[in-house]
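Residue numbers (the numbering used here): 1 to 171. Yeah, the Cβ is synthetic: ideal placement off N, Cα and C, and Gly gets one too. No experiment lies behind these values; they were computed from the predicted model shown. All remarks here apply to the structure that follows.
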């Protein structure tokens, strides 16, 4: 956003729940640097605003992982229904990936044997919705020593299951 008066109007509109003019053109870091506090009413964030919030760093405004998850999911809905240029598409995927990777590493650092519910929720979103990132997701799983086939029911179907009666296990 080139014009200071446009920025001021966008900030004022955001105070009343009209986020799109602000989040599309002003990064969250610019607001932080200018010490402009802004609270978001989550219900008023539409899919298009969510898409731009992911791209422009507004995920940092939310501490709740479910709100971040919801922003990425809603941004993905917008991305699927709108014609978006490849640069914006790439920026969205990169920003979403950075959040996901940080959450995966944070959860893995807890040292639990199984993935946490937070991880499972995020893993499912990325596996089902952001298919462009499957290779990166699989590489991250391998790096963290996790089984990527847990996400893919088709890979699980290919495993041979021996019935209990053949294995000699009582009913």
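- In this chain, the alpha helix (DSSP H) harbouring residue 21 covers 20 to 23.
- The DSSP-derived three-state label of residue 38 is coil.
- Look at residue 87 here: in three-state DSSP terms it is helix.
- Going by beta carbons, residue 115 and residue 146 fall inside the 8 Å limit.
- For residue 29, the enclosing alpha helix (DSSP H) stretches over residues 28 to 33.
- Here DSSP, grouped into helix, strand and coil, assigns residue 114 to coil.
- Residue burial is scored here from C-beta neighbours: residue 83 has fewer than 16 other C-beta atoms within 10 angstroms and is therefore classed as exposed.
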